[in-house]
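Heads up: the sequence lines are chains A, B and C, in that order.
In case it helps, our numbering puts the first sequence at residues 1 to 296.
In case it helps, our numbering puts the second sequence at residues 297 to 548.
In case it helps, our numbering puts the third sequence at residues 549 to 823.
Note that beta-carbon positions come from the ideal geometry of N, C-alpha and C, so glycine has one too.
Reading through the structure tokens given below for one structure.
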Amino acid sequence: MTTRGTGPGDRLDPEEAGPGRGSKMLGGRAVLVSSASTVLFFAIIAIIVALAPGSGIVAERFFDPFHLKQSFLGTPSTPSVAGAFLLNVEIFAISEVLILILALVIAVVRQIPGPVFFPFRMVAIAYTDLFRGIPLILVLYMIGFGVPGLGLAGLSYLSDVTYGIIALVLVYSAYVAEVYRAGIESVHESQNAAARSLGLTRWQSMRFVILPQAVRRVVPPLLNDFIGLQKDTALVSVLGSIEAARAAQIYSASEFNYASYVVAALLFVLITIPLARFTDRLIARDKRRRQAGALA
Amino acid sequence: MNSPGSPALILEGVHKSFGQNEVLKGIDLTVAPHEVVCLIGASGSGKSTLLKCVNLIEPIDAGRIVVEGEEITAPGVDVNRVRRRIGIVFQAFNLFPHMTVLQNITLAPRQALKMDPQGSRKRALGLLGRFGLLDKKDEYPDRLSGGQQQRAAIVRALAMRPGVMLLDEVTSALDPELVAEVLSVIRELADDGMTMLIATHEMGFARDIANRVCFLDAGRILEQGPPERIFTSPENPRTRRFLQRIIAAGRL
Amino acid sequence: MIKRAVLVGFLVAVLLAVGCGGQGSAEQGSKESCDVKDPPLFKEGVLTVATDRPAYPPWFEGSPENYSGFEGDVANEVAKRMDLPVEWVVEPFNKSYAPGAKDYDFDINQITITPEREKAVDFSDGYFDNAQGVLVLNGNPAADAESIADLKDARLGAQVGTTSLDFINETIKPDEEPKIFDTTNDAKSALESGQIDAIVTDLVTTVYLRDFEIDGSVVVGQYPRNEQFGMLFEEGNRLVGCVNKVLGQMKEDGTLSELQETWLQDYLSVPILKE
């Protein structure tokens with residue numbers, strides 16, 4: 001349906017595409033200047049770092065290719081950082097889905113009008129206040145060590161990874177619920193008025209008109225929270241399982257070398273980049289749609 | 297529900313305030329079936345609020361409203377059911393930007409009227425074809441001109457087969473050259489016999505299309521009557537003053 | 549697109565420049581050339597000794613101004629023989645092997661000497677032979693374990709950075725993956741809440757936990773592993789030689805065994821696990 005392709009590097013608005021033919025020269029020179037200044041900037045940094053007295057030893061302890069490879073693959077006595085990273089991915093994938101759902105429920109419940117729903121609204125508000133207030137690490141401790149300690153049937157006998165996921169979901173849903181709420185409130189009231197005027201119920205208006213628009217609008221902050229979530233999966237290790245950051249720590253303590261941390265960091269960055277580019281695509285694609293439909 | 301001859305719409309003693317500000321100070325108005333009534337008056341006179349009270353978007357503070365024989369302001373009335381019988385089109389079009397034109401139109405018939413997909417699609421295509429928007433059916437609203445969007449909004453309301461249509465300044469936000477296409481749609485609806493209550497600034501149009509014109513001033517209907525009388529020899533001095541200003545601005 | 553490629557290219561270049569080039573790395577100092585009368589010190593006239601905080605008994609007792617305890621007194625004795633007062637500083641374990649100059653003369657913190665670690669730091673000679681211990685709550689099936697094989701089906705927990713994980717993976721080879729915790733305290737929480745069946749850590753600590761921290765627990769056995777604790781020095785620090793001299797004296801004249809008897813006597817009488 002779209003006649004122009006959209007991609008991160010593409011320009012969408014005719015105005016932004018640059019003026020006419022005469023400035024092609026200007027455009028080319030601008031690229032040259034910016035490339036040259038970028039080159040110069042990094043060259044200076046590279047020289048400063050390379051000439052530092054400790055650069056050799058830092059190279060050995062952080063960037064030694066032997067240790068980079070060995071920590072990546074693992075040894076008989078240390079777990080593989082790459083293999084452990086799969087646990088981070090697993091935790092992230094499961095948590096993300098649950099968070100998206102739970103947060104939506106909380107956000108919707110929070111704004112159901114009417115006196116009979118007052119207790120539900122209060123619970124939703126209390127939930128977001130509570131779990132945005134408590135640091136994640138404390139929630140992890142309380143869920144991961146507290147719940148098993150209670151000795152409740154079933155609930156107290158889950159794996160530590162499960163408790164970790166529960167803690168992540170509880171905390172992040174509070175933040176994401178507020179993001180959804182901002183999205184819902186940013187959809188102009190006239191959209192709801194139009195939907196209700198057609199005879200759609202409050203729930204139908206929310207489901208078909210408000211929420212689809214609300215969610216599209218908050219894709220950037222949502223994805224931002226999820227990039228944060230990816231890092232926070234490392235905290236689950238406090239309950240015992242070996243994920244990438246913990247594996248890096250084990251290798252580091254065993255070999256007295258920090259290269260494993262560099263490997264772990266790179267893995268985290270590598271998984272963030274596609275997410276960030278995907279976000280850019282989503283934003284670009286929906287930016288146009290947002291303008292129409294209401295003059296507000 | 298409605299016996300032939302009984303009014304399509306009755307407003308009795310309708311009061312509406314926003315906080316301390318009383319916007320409707322006792323409106324009495326009756327609209328007969330197939331009648332086209334135009335509301336004229338300055339901005340802030342209460343025309344928009346009046347329309348929004350009729351479809352219960354705004355709750356009234358006093359009085360009653362009866363639509364097709366049913367008192368819709370009585371307690372316990374199913375608001376959603378009432379709204380399905382009343383179509384309203386707003387100044388700002390308010391199409392749903394995340395849906396195509398076709399989806400905009402079939403949404404309420406499918407969800408509120410529980411029509412099947414094929415049936416709702418057929419009805420929508422029929423209306424789009426009739427009002428010259430068939431080639432835009434799979435476009436998103438941002439691709440349409442203002443006039444096209446407003447026509448689509450009218451079609452969206454019509455798809456619910458309402459008994460009464462409320463039009464709230466539907467051409468005020470349009471570029472002048474796009475106004476005519478929307479007015480011609482409204483004219484068609486009037487010719488079809490749709491009961492309509494229209495708030496408008498388009499005096500020429502009101503004079504052409506209305507069976508009756510009501511002048512609203514500061515929350516009251518000061519004068520009403522056939523357009524020939526209202527526009528040429530208004531009785532109330534305030535009506536006269538309002539029309540004088542309109543004529544002086546070259547809009548009549 | 550071009551700009552981005554240039555950017556990435558130069559980031560890579562920076563990394564490579566650091567990784568390959570740079571000034572030479574530290575040299576291995578001679579361990580012999582240290583004069584006990586005039587040792588190379590971090591701070592003139594004082595022996596600056598580091599350990600982690602919190603510092604646990606029986607390795608450390610008393611307050612940080614004036615530690616005693618086994619490791620506390622080993623350091624005190626070394627300083628005494630070099631005619632120096634001791635000043636204690638804090639160094640988290642994770643930082644103790646970071647490259648660059650250290651803010652102390654040596655770190656004493658139950659650190660096991662291994663060949664891999666020797667590539668990054670210098671160790672003194674060993675001052676304690678460490679064994680692994682296994683702590684289980686009473687009532688847990690693993691509490692009856694008498695051999696390594698008995699522990700195969702237990703859920704084991706260990707503290708990060710200890711040789712216990714090696715012990716678990718190389719010797720016990722349990723069916724289930726062991727759990728790793730930041731601190732002994734976390735491992736204790738996991739044990740008490742039933743998330744793990746046994747804590748594996750150095751023998752002395754398991755006994756300490758049994759006697760002072762975890763009611764109703766038992767140390768099912770110990771496993772000596774030819775591990776020794778050593779004091780950790782910056783690579784190439786000549787002070788190692790002096791300390792080794794002094795340590796040698798302490799071993800010869802029995803002072804070291806006395807210290808061990810004073811502080812650790814109650815902690816070492818645990819049956820040895822069979823294979």
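Going by CA-CA distance only, name the one from the options that's closest to residue i.
i: residue 656 of chain C; options: C:648, C:692, C:649 and C:671; result: C:671
i: residue 623 of chain C; options: C:735, C:779, C:802 and C:786; result: C:779
i: residue 426 of chain B; options: B:498, B:488, B:414 and B:403; result: B:488
i: residue 195 of chain A; options: A:210, A:182 and A:186; result: A:210
i: residue 591 of chain C; options: C:738, C:616 and C:649; result: C:649
i: residue 768 of chain C; options: C:618, C:646 and C:745; result: C:745
i: residue 806 of chain C; options: C:718, C:619 and C:686; result: C:619
i: residue 344 of chain B; options: B:334, B:464 and B:389; result: B:464
i: residue 582 of chain C; options: C:791, C:801, C:815 and C:802; result: C:791
i: residue 201 of chain A; options: B:368, B:330, B:361 and B:375; result: B:375
i: residue 121 of chain A; options: A:132, A:151, A:108 and A:131; result: A:108
i: residue 681 of chain C; options: C:743, C:693, C:798 and C:673; result: C:693
i: residue 104 of chain A; options: A:184, A:275 and A:283; result: A:184
i: residue 479 of chain B; options: B:446, B:379 and B:391; result: B:446
May I ask whether a heavy atom of the ligand SAH can be found less than 8 Å away from the beta carbon of residue i?
i: residue 822 of chain C; result: Looking for the ligand SAH in the displayed structure turns up nothing, as the structure carries no ligands at all.
What does DSSP give as the partner residues of residue i in its beta bridges?
i: residue 772 of chain C; result: C:679
i: residue 230 of chain A; result: Per DSSP, none; premise fails for residue 230 of chain A.
i: residue 281 of chain A; result: BP columns for residue 281 of chain A are empty, so no partner.
i: residue 461 of chain B; result: B:383 and B:492
i: residue 203 of chain A; result: According to DSSP, residue 203 of chain A bridges with nothing at all.
i: residue 317 of chain B; result: B:314
i: residue 780 of chain C; result: C:655 and C:671
For residue i, does the three-state DSSP call read helix, strand or coil?
i: residue 667 of chain C; result: coil
i: residue 533 of chain B; result: helix
i: residue 582 of chain C; result: coil
i: residue 807 of chain C; result: helix
i: residue 305 of chain B; result: strand
i: residue 311 of chain B; result: strand
i: residue 659 of chain C; result: coil
i: residue 47 of chain A; result: helix
i: residue 754 of chain C; result: helix
i: residue 607 of chain C; result: coil
i: residue 111 of chain A; result: coil
i: residue 328 of chain B; result: coil
i: residue 743 of chain C; result: coil
i: residue 886 of chain C; result: A question about residue 886 of chain C goes unanswered here, because the residues of chain C that appear run from 549 up to 823.
i: residue 632 of chain C; result: coil
i: residue 216 of chain A; result: helix
i: residue 513 of chain B; result: strand
Here's the rule: buried if 16 or more other CB atoms are within 10 angstroms of the residue's CB, otherwise exposed. What is residue i?
i: residue 160 of chain A; result: buried
i: residue 570 of chain C; result: Low per-residue confidence applies at residue 570 of chain C: pLDDT is 44, beneath 50, and the placement is therefore not dependable enough to give any value.
i: residue 164 of chain A; result: buried
i: residue 727 of chain C; result: buried
i: residue 665 of chain C; result: buried
i: residue 813 of chain C; result: exposed
i: residue 490 of chain B; result: buried
i: residue 461 of chain B; result: buried
i: residue 394 of chain B; result: buried
i: residue 330 of chain B; result: exposed
i: residue 688 of chain C; result: buried
i: residue 203 of chain A; result: exposed
i: residue 47 of chain A; result: exposed
i: residue 341 of chain B; result: buried
i: residue 31 of chain A; result: exposed
i: residue 606 of chain C; result: buried
Residues of the segment 393-410 of chain B with a CB closer than 7 Å to any CB of chain A: list them in chain order, please.
393, 394, 403, 404, 407 and 408
Which residues, in order along the segment 593-626 of chain C, keep a beta-carbon less than 8 Å from a beta-carbon of chain A?
none
When Cβ atoms are compared, which residues of the segment 242-265 of chain A fall closer than 8 Å to chain C?
242, 246, 249, 250, 252, 253, 254, 255, 256, 257 and 258
Taking only beta carbons into account, state which residues of the segment 693-712 of chain C come closer than 7 Å to chain A, listed in chain order.
705, 708 and 709
Can you list, in chain order, the residues of the segment 650-664 of chain C whose Cβ is nearer than 9 Å to any Cβ on chain A?
662 and 664
Relative to chain C, which residues along the segment 228-240 of chain A have a C-beta separation below 9 Å, given in chain order?
237, 238, 239 and 240
By the 7 Å beta-carbon criterion, what residues does the segment 745-774 of chain C contribute toward chain A?
none
Residues of the segment 730-745 of chain C in Cβ contact with chain A at a cutoff of 9 Å, in chain order, please.
730, 734, 735, 737, 738, 740, 741, 742, 743 and 744
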